[in-house]
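Novice: These protein sequence lines are chains C and D, in that order. Each residue of the first sequence is one higher than the one before, counting from 3 in the working numbering. Each residue of the second sequence is one higher than the one before, counting from 3 in the working numbering. Quick one: the structure is below, questions incoming.
2 protein chains.
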Amino acid sequence: MSVRHFLGGDALPHTPDHDRGLAYGDGVFETMRAHGGVVHWWPAHWRRLERGASALALTLPQQARVQREAEALLDGADGVLKLVVTRGVGGRGYAPFDASTPHWILSRHALPPSPPSEGVSLRWCDLRLAVQPALAGIKHCNRLEQVLARAEWRDAAIHEGLMRSTEGDVVGATAANLFVLHDGRWTTPAVDRCGIAGVCREWAIDALQARQARLAVTEVEAAEAVFLCNAVRGILPVARLGARQWRPHPQVAQLRRRLAAEHPAFATEVA
Amino acid sequence: MSVRHFLGGDALPHTPDHDRGLAYGDGVFETMRAHGGVVHWWPAHWRRLERGASALALTLPQQARVQREAEALLDGADGVLKLVVTRGVGGRGYAPFDASTPHWILSRHALPPSPPSEGVSLRWCDLRLAVQPALAGIKHCNRLEQVLARAEWRDAAIHEGLMRSTEGDVVGATAANLFVLHDGRWTTPAVDRCGIAGVCREWAIDALQARQARLAVTEVEAAEAVFLCNAVRGILPVARLGARQWRPHPQVAQLRRRLAAEHPAFATEVA
């Protein structure tokens with residue numbers, strides 16, 4: 003069984019009726035890399051979950067219990083672990099006060115294919131991200147913008163799409179954060195107006211002493227090096243964005259080696 | 003049993019695992035008033051569902067089948083019928099291409115209490131609606147903004163909250179559309195940047211030959227009369243918004259009589 007459901011402390015066979023996650027996307031989630039049954043970045047994922055739950059006034063299940071169930075589900079394997087926490091069962095209507103026992107779902111998934119060694123190819127998405135400071139940064143379950151953006155292309159040679167906000171700022175990829183290099187300094191878009199504060203982004207900000215700032219399309223295209231990152235795939239060097247191409251950059255290679263040294267799941271990917 | 007699930011043409015016992023409605027709010031819904039087992043506004047609800055599904059490239063189930071199952075569930079009763087249609091079961095990741103068979107859920111709910119005869123009381127919500135033209139007007143399942151706005155107050159004497167966009171325009175209530183009267187002309191906020199194009203709103207625009215326009219806070223407060231509307235509760239005269247009060251207005255009373263004459267569910271509410 004690769005999916006397990008719980009309501010508060012009780013195991014459930016499936017999603018309950020009137021779940022507010024399904025009704026309104028009223029929940030948060032984490033997508034985590036597991037290696038040998040262990041989620042190396044668990045503390046950072048849980049911290050982000052807590053920040054999101056706090057912003058949405060959602061109750062989280064007990065961390066120790068979730069971790070125990072996650073370990074049981076992973077059973078020593080490598081893979082992707084997804085955790086969804088919804089507000090639970092509520093009546094019809096937006097008022098969240100009836101729902102107080104969270105519904106949480108753990109699921110195990112295969113690892114995505116390794117990124118091409120020469121780097122990933124990107125496109126610009128047409129769909130713009132709305133500016134909503136109250137939800138910015140949170141990995142919540144209202145993801146129609148990402149679904150629509152990811153539906154813009156089917157070409158398997160394009161690995162990801164970059165998204166801009168309705169104000170024109172570059173925010174990130176549909177499922178990864180973005181870093182760009184100018185004059186020896188790394189910048190990643192601020193996520194205080196839209197976008198997601200990724201766990202690998204947090205690691206890379208710290209590792210690179212990167213700046214968080216608003217970023218223009220021209221600044222991406224003029225960058226000396228570009229990479230994407232997320233907690234499942236690690237650091238993804240970018241080789242191409244439309245007609246713009248980048249050669250492998252030593253600072254990106256160095257960062258990948260540093261990640262491999264710190265996070266065992268990524269050790270095998272770097273020669 | 004007051005909830006029924008289907009995947010395409012097949013009955014299901016419950017929500018399937020990996021449902022994209024729960025993962026991403028990747029779906030649309032309708033909340034309908036049933037009277038004697040009949041949803042009087044069914045054609046308008048289905049048209050709106052089609053518009054939303056088209057914008058999201060979602061497959062809808064067969065209308066005739068949904069209608070048949072809805073009638074069976076209602077079984078001649080009065081109440082609220084909710085229909086949710088999600089993109090169905092998909093893998094991990096935003097790309098929607100794997101999911102092609104919709105999961106649809108019918109549920110029956112009790113009628114909400116009748117509105118107070120003197121009119122409803124409103125407040126201004128602090129949370130602003132993000133501007134997202136790609137999703138505006140659609141009754142999709144990404145509703146965290148409404149959940150957060152509705153969580154702003156618990157005072158049962160306040161019936162609804164008015165929401166503004168991040169640009170400052172008045173958009174509507176958390177679960178109803180808004181109409182305001184100035185110099186004999188009715189206006190309702192345009193919903194091309196955010197907000198929901200309600201089925202009762204559509205009826206009222208037609209009945210009143212109302213204008214759709216951007217609306218400022220000062221224009222609401224200066225209005226001669228104000229009402230809210232939705233497909234479950236019909237026309238709700240507004241008596242109060244913060245310190246501002248309105249007396250019953252003959253044009254609102256006249257509109258309620260007209261709705262009562264056209265829609266049997268609302269006939270009993272107007273003396």
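Each residue gets a CB set at the ideal place from its N, CA and C atoms; glycine is no exception. Since the structure is predicted, the reported quantities are computational estimates derived from the model, not experimental observations.
My understanding is that Gln253(C) touches Ala227(C), with C-beta atoms under 8 Å, so please give their C-beta distance in whole angstroms.
Specialist: Right, the Cβ-Cβ distance comes to about 6 Å (below 8 Å), so this counts as a contact.
Novice: Between which residues of its own chain and Pro18(C) is the CB-CB distance below 6 Å, once the five residues before and five after are set aside?
Specialist: The answer, listed in chain order, is Val91.
Novice: Anything in the region 143-159 of chain D with a Cβ closer than 9 Å to a Cβ of chain C? List those residues in chain order, please.
Specialist: The region 143-159 of chain D vs chain C, Cβ under 9 Å: Cys143, Asn144, Arg145, Leu146, Glu147, Gln148, Val149, Leu150, Ala151, Arg152, Ala153 and Arg156.
Novice: Can you find a C-beta in chain D that's less than 8 Å from the C-beta of Ala175(C)?
Specialist: With 8 Å as the cut-off, Ala175(C) does not count as an interface residue toward chain D.
Novice: Quick one: grab the DSSP three-state call for Asp128(C).
Specialist: Asp128(C): strand per DSSP, three-state reduction.
Novice: For a minimum of 4 consecutive residues, which ranges assigned as the alpha helix (DSSP H) are wholly contained in the region 48-111 of chain C?
Specialist: Complete alpha helix (DSSP H) runs here, min 4: 65-76.
Novice: Can you tell me whether Arg249(C) is buried or exposed, with buried defined as 16 or more other CB within 10 angstroms of its CB?
Specialist: Result: exposed.
Novice: Please list the segments of the alpha helix (DSSP H) lying wholly inside the region 160-222 of chain C, counting only runs of 4 or more residues, in order along the chain.
Specialist: With a minimum length of 4 residues, the continuous alpha helix (DSSP H) runs that stay inside the region 160-222 of chain C are 201-210.
Novice: Output the distance between the C-alpha atoms of Leu85(D) and Leu124(D), rounded to the nearest integer angstrom.
Specialist: Their backbone Cα atoms lie some 28 Å apart in a straight line.
Novice: Report the option in Phe99(D), Leu113(D) and Gln134(D) whose CA atom is closest to the CA atom of Gly95(C).
Specialist: Taking only the C-alpha atoms, the option nearest Gly95(C) is Leu113(D).
Novice: Please identify, using Cβ separations under 7 Å, the residues of the region 113-143 of chain D that lie next to chain C, in order along the chain.
Specialist: Against chain C - using a Cβ distance shorter than 7 Å - the residues of the region 113-143 of chain D are Leu129, Ala132, Val133, Gln134, Ala136, Leu137, His142 and Cys143.
Novice: Tell me whether the beta-carbon of Val41(C) lies closer than 8 Å to the beta-carbon of Met34(C).
Specialist: Result yes, Cβ atoms of Val41(C) and Met34(C) sit closer than 8 Å.
Novice: Count the other CB atoms, across all protein chains shown, that sit within 10 Å of the CB of Gly93(C); report buried if there are 16 or more and exposed otherwise.
Specialist: Exposed, since its Cβ has fewer than 16 Cβ neighbours within 10 Å.
Novice: Within the present structure, is the beta-carbon of Cys202(C) separated from the nearest heavy atom of the ligand MN by less than 7 Å?
Specialist: As far as ligands go, the structure on display features none, and thus does not contain the ligand MN.
Novice: Could you give the C-beta distance for Leu51(D) and Glu32(D), rounded to a whole number, given that I count them as a contact under 8 Å?
Specialist: Indeed they touch by this definition, with Cβ atoms about 6 Å apart.
Novice: Given Ile140(C), which residues of its chain have a CB within under 6 Å of its CB, disregarding the five upstream and five downstream residues?
Specialist: Same-chain partners within the cutoff: Gly54 and Ala57.
Novice: Output needed for Leu150(C): all residues of its chain with C-beta closer than 6 Å, excluding positions within five of it in sequence on either side, in chain order.
Specialist: Here the set comprises Leu129.
Novice: Could you pull out every residue in the same chain whose Cβ sits closer than 6 Å to the Cβ of Gln148(C), ignoring the five residues on either side in sequence?
Specialist: Contacts found: Thr176.
Novice: Tell whether a beta-carbon distance below 8 Å holds between Gly11(C) and Thr88(C).
Specialist: No; because the gap between Cβ atoms is not below 8 Å, this pair is not in contact.
Novice: If we count the other Cβ atoms within 10 Å of its Cβ and call it buried at 16 or more, is His105(D) buried or exposed?
Specialist: The residue is buried, with at least 16 neighbouring Cβ atoms inside 10 Å.
Novice: Under three-state DSSP, which class holds Arg246(C)?
Specialist: Residue state, collapsed to three classes: strand.
Novice: In whole angstroms, what separates the C-alpha of Asn179(D) from that of Gln64(C)?
Specialist: Going from the Cα of Asn179(D) to the Cα of Gln64(C) covers about 40 Å.
Novice: Measuring straight from C-alpha to C-alpha, what distance separates Glu73(C) and Val5(C)?
Specialist: Distance between the alpha carbons of Glu73(C) and Val5(C) is about 13 Å.
Novice: Using only the alpha-carbon positions, how far apart do Thr103(C) and Arg259(C) sit?
Specialist: Their Cα atoms are separated by approximately 42 Å.
Novice: Which residues mark the beginning and the end of the alpha helix (DSSP H) in which Ala227(D) is found?
Specialist: Run containing Ala227(D): none in the alpha helix (DSSP H); it sits in the beta strand (DSSP E), Ala227 to Asn232.
Novice: Are any of the Cβ atoms in chain C nearer than 8 Å to that of Leu238(D)?
Specialist: Chain C, which has no Cβ nearer than 8 Å to the Cβ of Leu238(D), makes this no.
Novice: Strictly by DSSP, which residues pair up with Glu32(C)?
Specialist: Partner(s): Leu85(C).
Novice: When the cut-off is 8 Å and only beta carbons count, does Thr17(C) lie next to chain D?
Specialist: Judged by the 8 Å Cβ criterion, Thr17(C) is in contact with chain D.
Novice: Does Val24(D) come out as helix, strand or coil in the three-state DSSP assignment?
Specialist: A quick correction: the sequence has Leu, not Val, at residue 24(D). The answer is helix: DSSP assigns Leu24(D) an H, G or I state.
Novice: Per DSSP, what kind of secondary structure is Ala273(C) in: helix, strand or coil?
Specialist: Any answer about Ala273(C) is weak, because its pLDDT of 49 lies below 50 and its placement is not dependable; what the coordinates show is given next. Note: Ala273(C) maps to coil in three-state DSSP.
Novice: Where does Arg152(C) sit, in a helix, a strand or coil, going by DSSP?
Specialist: Arg152(C): helix per DSSP, three-state reduction.
Novice: DSSP state of Arg145(D), grouped into three classes?
Specialist: Of the three classes helix, strand and coil, the one that applies to Arg145(D) here is coil, per DSSP.
Novice: Closest by CA to Ala269(D), which one among Gly244(D), His251(D), Ile237(D) and Leu243(D)?
Specialist: When only C-alpha atoms are compared, the closest one is Ile237(D).
Novice: Does the separation of the CB atoms of Val82(C) and Leu60(C) fall below 8 Å?
Specialist: No.
Novice: For Val182(D), which of Leu75(D), Ala215(D) and Glu169(D) has the nearest alpha-carbon?
Specialist: For the residues Leu75(D), Ala215(D) and Glu169(D), the minimum Cα distance to Val182(D) belongs to Ala215(D).
Novice: If you run the structure through DSSP and keep just helix, strand and coil, what is Arg6(C)?
Specialist: In the structure shown, Arg6(C) sits in a strand (DSSP, three-state: E or B).
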